[in-house]
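One structure is given below, encoded as structure tokens.
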Amino acid sequence: MTSRSADSTDDGDEQSCTPDVAATEAIARRPQSRSRSASKAGNGPTEFEWKRSSNRNGHAEIPSSVTPTFSRPFIPAASTMALRKSSSGLPQTKGSRRAGAVSFLVLLTAGTGIMLLAAILKSLISYQVEPKGCRMSYMRPSYIHFNDFDTEHTRFATKYSLYLYREQGVDDEAKLRGIPILFIPGNAGSYKQVRPIAAEAATYFYDTLQHDGRSMDSGVRNLDFFTVDFNEDITAFHGQTLLDQAEYLNEAIRYILSLYSDPQRAIRDSQLPDPTSVVILGHSMGGVVARAMLVQSNYQANSINTIITMSAPHSRPPVTFDGQIVQIYDEINAYWRDAYAQKWANNNPLWHVTLISIAGGTLDTVVPSDYASVEPLVPETHGFTVFTTGIPTVWTSMDHQAILWCDQFRKVVAKALYDIVDSNRASQTKPRAQRMQLFRRRFLSGLEAATEKSIALKDETVRLTLDAESSRIVPVGDRLILDHLGNQRDPVVHLLPIPPQETSVPKRFSLLTDSSLVDAEKNGSLEVLVCTVSPGEVGSATMHNSYPTTIPGGSEARLACKNTASDVILLPASTTSIRYPFYLEGESPIRPFSYLQYDLQDLWEYNFIAVVDRATSQTPGFVITEFSERDSIQKAYRSSFSHIAMFGLSFSLPSDRPMAVEVQFPAITSSLLAFHLDLAPLQCQSKRHLYTPIVRQYLDKPYESKYFVGARHAHISLHGIAPYVPPPLEPKSSDSGLGLQIWADPSCDSVLVARLRIDVPGSLGKLYMRYRTVFAAFPLLIVTLVLRKQFRVYDQTGIFIPFSEALDLSLRRSVPLLLISLTLLAVSPEGTSRLIPGLLWSKRHLNAFHRNELLIGTENPSFCLLVPLIGLVCIGVCAVLHYIVLGLTRTLGILYAFFTNGPRTETASHKGIASQVLVPSTPRRRMVSTAVLLFLVSTFIPYQFAYLVACLVQLFTTVRAHRLSHLADSTSSSNYYRYVHSILLLMMWVLPINLPILAVWIRNLAVHWLTPFSSHHNVLSIMPFMLLVENLTTGKMITPENSTFSISSVARRTMEMCCAIITG
């Protein structure tokens, strides 16, 4: 047996300098080595001499005297095949690099990918990070367990539990006497997470509402909060768990409703009807479970009509590794979409259901807030999505858990629940249209077009009696600016004539003040009314709080007015001393600004706007009112997306601008980009600013508003069109891009200059949340490409080249071609949506609802360069994992050699290899162990557990193969080690897909839920890996394929890789 040069193998880490297969064929022409004992001077032949196999089946023969128990050694006669297949016209390879060397191409590509990944992570942590503004909430919880909700009611009684929340010291009554609310925790959530909102609701009712006769007469009662203990089930990873929870909750609702008709459990007014429905409050995956309840066969009709969710991924599952949860999502979403597609209400089983989705925004790094959108599922008449950054008095982003305990947010949720309940109705809630109106008023900023003005619905009227000295009429077209209130002891009325609606130029009335606008029943320094001239009686309208502002000596005039306090829009205060829209724990409360906005069609029946200064002494504060032309208020910059991305956009607002200006950018719609907004400081000629600029960033559907106070520099990021999110049910208008609403002090006679530019470092962090699943799946494609290259070279030369060398060869041709092809497909999303389904024999992606699920998940061709960027990152990760596994196997190999106490002499060492490393288990033992494992998979354990066992066995096989290649320095042993090493890398990238289900199974065992999984018992899903791993433990090397079969195998692998990367 001829000797081989010492640099011909590198234990799985040899590199090549040339890109073609010919380079590796030239490797085969190198002299093959003997065993190490034969290569040393002075050592004679030993009995550990390998002989070529005469049958060319990829195996070698070994003398039986060496290893009598090893009947079929695995070492292939690679050298003979390599020499036989080599051709004389192939170029020769350059000198081999030292063992462990890395090619410059691999180093450059992997280094670039790792640097990009580091930049993405740094951007996620350090750039475009919104401040945390939640204040802590406090409560005194107690829970009442319903022990009689047992197996007679549900088969999950031994796993799940039902509780009733009571606030100690406020509501200690164990019996039910209110309106049922059911809280559903999310993924790995606790039933105790209900306590912040439930405690606030109890406190608000017993401190305020029960003393309000009008609220009690309208049907307001205290809320009975029920909560479910799911034992912190992991619903995001396992579809069957989601269905189990939905089934249990339907039974729980049936049980809850039965409690209110039991006099032993409930204390209710006999004149009130018993409840027939429950209001649902869901967090995270609990919101998805709430929607799944309506799809289940055990759902009681009309038992749910209101669902409020917080940080719930409605549009798509947050983790798509479990195929069943993707299928369940499709079924749930299809049911909801089809229901609302019905023309007649009688055919729509969800006609009475309202769905409100509240998202935490950028700070939520658990569930992308883009996934919380319900616009693809329900029309705006039945639901909407809103972000906490735009909810009045909240004005802050929240992480996934803070949305439950944030003090200012829980107050809004509690008030919204009391807004919509009505104990006088069996459903316990107001009619659907009224619920939607109340939800919009409570959760939306009030500046959206969907907000309804309530002034036309009011019947109460205020009578004003004026004379020339008590009133001030503002000339038409002038702006009213008051820098303080309380010029005299009596109230002063400032009248602004309302322009006729017939004017050719549309106008808008706006008012901004730092004082609270009050209604006629409350005391305050400022009141705003809309009035009509009424020289006589006002007819049948109700007169309320008629007060004269008459000063003796003048002729009187009478006005019939309505108070506008119900239409007030709250804005965060903005002064030089305020940094954020919110105030933190321990800081002094900040009173928000009050803003009014009416179009002329809202004021068509009135003649005047009356600003009543009630202050009896001089009071700090300001008031600014004006009528402005719509053309000067709203501006649209229709620059293309590419122009804004490359050059930015500058704009200026003139010195005679309106108080509030809206600027629209229709081209900016993607949630993948972040921007910087810079405002030049105003050069105010007066002594002081009345207020510093306020900027509102907004989107419509989903309703996202974000405020910047004292705005000089603002970080703009939005949740618009996001990757893989389905399109909305109702198409958006062409002007529905990013909007900026700017309030700047009009008393400063100065031009306002602004510049909008893209924030590249800040945009990188957006990729993590939107493509984290892709970053986990794309490396599998890279490893498959490299493995394909290794097999191709092996089929042609008989040499199974190292992973790093195959990666180098792939980077020279295969990987660039793949990335270019995928980039071109991303440029043409229409072609992709038609081509790929044809390749997959599926019409799924021809459906408009699923058209964003391919490639990079967006139809905007401007983002096609994300394909090579993601590819570079994944190549870097693959290279790093390769060397981590390489280092791990070498370390374990050293430990393996130490603990096996192998012989020290050279000849004895070779015998030790044969007796310890190469000896496989008997075929009978392998068959028994495989049969037992397959039986357990088909009955009790999920196949993911068997896959984890296979990965551990493959790791041990790789360690043994490394030990062999280190001691028996031959081509055959190197081939085998490189082969099992590459298979291990492939299995390591498949492992994350299986770990979530395994975590669910282990969690069930932890809570003593021993009922076998009803899913993931498909033996065929794990059998190929088990057979492969078992075969590798025998030391058998795969046989090279002939040319015809090799071409078909490569084509098959290529098709599988393309389908994997395109469909995820």
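For the sequence shown, the residue numbers in the UniProt record's numbering are 1 to 1064.
Note that CB positions come from ideal geometry on N, CA and C, so glycine has one too.
Note that this is a predicted model, so its numbers are computed, not measured.
Checklist entry - According to DSSP, what are the bridge partners of P626? => result Residue 626 sits at position 626 when you count from the first residue of the sequence shown. Checking the displayed sequence, the identity of residue 626 turns out to be Glu instead of Pro. BP columns for E626 point to S510.
Next on the checklist: Mapping the DSSP letters down to three states, classify M1037 as helix, strand or coil.
Outcome noted: Along the sequence shown, read from residue 1 onward, the residue named residue 1037 stands at position 1037. In the structure shown, M1037 sits in coil (DSSP, three-state: anything other than H, G, I, E or B).
Checklist entry - Under three-state DSSP, which class holds R1003? => result Here residue 1003 refers to the residue found at position 1003 of the sequence shown. Reduced to three states, the DSSP call for R1003 is helix.
Item to check | Beta-carbon gap between V289 and I184 smaller than 8 Å | outcome: The sequence position of residue 289 within the sequence shown is 289, counting from 1. The sequence position of residue 184 within the sequence shown is 184, counting from 1. Against a cut-off of 8 Å, the Cβ pair of I184 and V289 comes out as a contact.
Next on the checklist: On a Cα-Cα basis, can you pick out the residue from H676, Y160, D233 and C951 that is closest to V129?
Outcome noted: To locate residue 129, count along the sequence shown from 1; it is residue 129. Cα-wise, what sits closest to V129 is H676.
Item to check | Cutoff 6 Å; reference I307; Cβ partners in own chain excluding five residues on either side | outcome: The residue labelled residue 307 in the question sits at position 307 within the sequence shown. So the list reads I280, A290 and L355, once near-sequence residues are dropped.
Checklist entry - Okay, do the segment 416-428 and the segment 156-165 touch, 3+ Cβ pairs below 8 Å being the bar? => result no
Checklist entry - Considering only residues of the segment 375-446, which uninterrupted beta strand (DSSP E) runs meet the minimum length of 3 residues and lie entirely inside it, listed in chain order? => result Whole beta strand (DSSP E) segments, 3+ residues: 383-387.
Item to check | Touch test, the segment 877-896 against the segment 859-869, Cβ-Cβ under 8 Å, three pairs minimum | outcome: no
Item to check | Alpha carbon of I578 to alpha carbon of R316, nearest angstrom | outcome: Reading the sequence shown from its first residue, position 578 is the one you call residue 578. Reading the sequence shown from its first residue, position 316 is the one you call residue 316. Approximately 39 Å between the Cα atoms of the pair.
Item to check | DSSP-derived helix/strand/coil call for R792 | outcome: Counted from its first residue, the sequence shown places residue 792 at position 792. It is helical.
Checklist entry - Three-state secondary structure (DSSP) at S454? => result As a first step, residue 454 must be located in the sequence shown, where it is residue number 454. Here S454 sits in coil by DSSP.
Item to check | Per-residue burial, N1018 [other beta carbons within 10 Å of its own, 16 or more giving buried] | outcome: To locate residue 1018, count along the sequence shown from 1; it is residue 1018. Flag for N1018 reads exposed.
Next on the checklist: Taking 8 Å as the threshold (C-beta atoms), are A312 and M285 in contact?
Outcome noted: Translated into the one-based positions of the sequence shown, residue 285 becomes position 285. Translated into the one-based positions of the sequence shown, residue 312 becomes position 312. Against a cut-off of 8 Å, the Cβ pair of A312 and M285 comes out as a contact.
Next on the checklist: Just verifying my parser: in three-state terms, what is the DSSP assignment at G95?
Outcome noted: Taking the sequence shown and counting its residues from 1, one reaches residue 95 at position 95. Low confidence applies here, because G95 scores a pLDDT of 37, under 50, leaving its location unreliable; read the following figure in that light. The answer is coil: DSSP assigns G95 none of H, G, I, E or B.
Checklist entry - Comparing alpha-carbon positions, which option in P1024, N1004, I1038 and L1028 lies nearest D244? => result The residue given as residue 244 occupies position 244 in the sequence shown. Ranking P1024, N1004, I1038 and L1028 by Cα distance to D244 puts N1004 first.
Next on the checklist: I'd like to know whether the C-beta atoms of V462 and C561 end up nearer to each other than 8 Å.
Outcome noted: Counted from its first residue, the sequence shown places residue 462 at position 462. Counted from its first residue, the sequence shown places residue 561 at position 561. The answer is yes: Cβ separation under 8 Å.
Item to check | Simplified DSSP state of L164, which is helix, strand or coil | outcome: Indexing the sequence shown from 1 puts residue 164 at position 164. Here DSSP, grouped into helix, strand and coil, assigns L164 to strand.
Checklist entry - Can you find at least 3 beta carbon pairs, one from the segment 712-731 and one from the segment 754-774, that sit closer than 8 Å? => result Output reads yes: the segment 754-774 touches the segment 712-731.
Checklist entry - Does the pairing of the segment 218-226 with the segment 167-178 give three or more beta-carbon distances under 8 Å? => result yes
Item to check | Burial state of A711, where buried means 16 or more other Cβ atoms lie within 10 Å | outcome: By 1-based counting over the sequence shown, the position of residue 711 is 711. It is buried - the Cβ of A711 has at least 16 other Cβ atoms within 10 Å.
Checklist entry - Are there three or more Cβ pairs, one per stretch, closer than 8 Å when the segment 783-799 is compared with the segment 971-979? => result The answer is yes - the segment 971-979 touches the segment 783-799, with three or more Cβ pairs under 8 Å.
Item to check | Environment of A946 [buried if 16+ CB atoms lie within 10 Å] | outcome: Along the sequence shown, one-based indexing puts residue 946 at 946. Label assigned to A946: buried.
Next on the checklist: According to DSSP, P620 sits in a beta bridge with which residue or residues?
Outcome noted: If you number the sequence shown from 1, residue 620 lands on position 620. DSSP, once it has assigned bridges, lists H484 as partnering P620.
Next on the checklist: Please identify the residue among V611, R508, I590 and P499 whose C-alpha is closest to the C-alpha of V528.
Outcome noted: Here residue 528 corresponds to residue number 528 of the sequence shown, with the count starting at 1. That would be V611, whose Cα lies nearest to the Cα of V528.
Item to check | As assigned by DSSP and simplified to three states, the class of residue 1074 | outcome: A question about residue 1074 goes unanswered here, because the residues of the chain that appear run from 1 up to 1064.
Next on the checklist: Tell me which residues share the same chain as S632 and place their Cβ nearer than 8 Å to its Cβ, disregarding the 5 neighbours each side in the sequence.
Outcome noted: The residue given as residue 632 occupies position 632 in the sequence shown. Here the set comprises R657, P658 and V661.
Checklist entry - In the DSSP assignment, what are the bridge partners of P497? => result Numbered from its first residue, the sequence shown carries residue 497 at position 497. Per DSSP, F608.
Item to check | With 16 other Cβ atoms within 10 Å as the buried cut-off, status of I609 | outcome: Mapped onto the sequence shown, residue 609 falls at position 609. By the 10 Å Cβ count, I609 comes out buried.
Checklist entry - alpha helix (DSSP H) containing A961: first to last residue? => result Here residue 961 refers to the residue found at position 961 of the sequence shown. Taken as a continuous stretch (DSSP letters only), the alpha helix (DSSP H) holding A961 covers Y943 to L967.
Checklist entry - Can you tell me whether DSSP reads K732 as helix, strand or coil? => result Here the question's residue 732 lines up with position 732 in the sequence shown. Residue state, collapsed to three classes: coil.
Checklist entry - Does the distance from the C-beta atom of G648 to that of S123 stay below 8 Å? => result The residue labelled residue 648 in the question sits at position 648 within the sequence shown. The residue labelled residue 123 in the question sits at position 123 within the sequence shown. No, the pair does not count as a contact, with Cβ atoms beyond the cut-off.
Item to check | Nearest-angstrom Cα separation, counted from S670 out to V493 | outcome: Taking the first residue of the sequence shown as position 1, residue 493 is located at position 493. Taking the first residue of the sequence shown as position 1, residue 670 is located at position 670. Rounded to the nearest angstrom, the two C-alpha atoms are 48 Å apart.
Checklist entry - Going by the CB atoms, is the gap between I875 and T109 shorter than 8 Å? => result Here residue 109 refers to the residue found at position 109 when the sequence shown is read from its first residue. Here residue 875 refers to the residue found at position 875 when the sequence shown is read from its first residue. Cβ distance < 8 Å, so T109 and I875 count as in contact.
Checklist entry - Where does the unbroken beta strand (DSSP E) through N563 begin, and where does it stop? => result Taking the sequence shown and counting its residues from 1, one reaches residue 563 at position 563. First-last of the beta strand (DSSP E) with N563: A557 to N563.
Checklist entry - beta strand (DSSP E) containing F183: first to last residue? => result Here residue 183 corresponds to residue number 183 of the sequence shown, with the count starting at 1. Residue range I179 to I184 is occupied by the beta strand (DSSP E) that includes F183.
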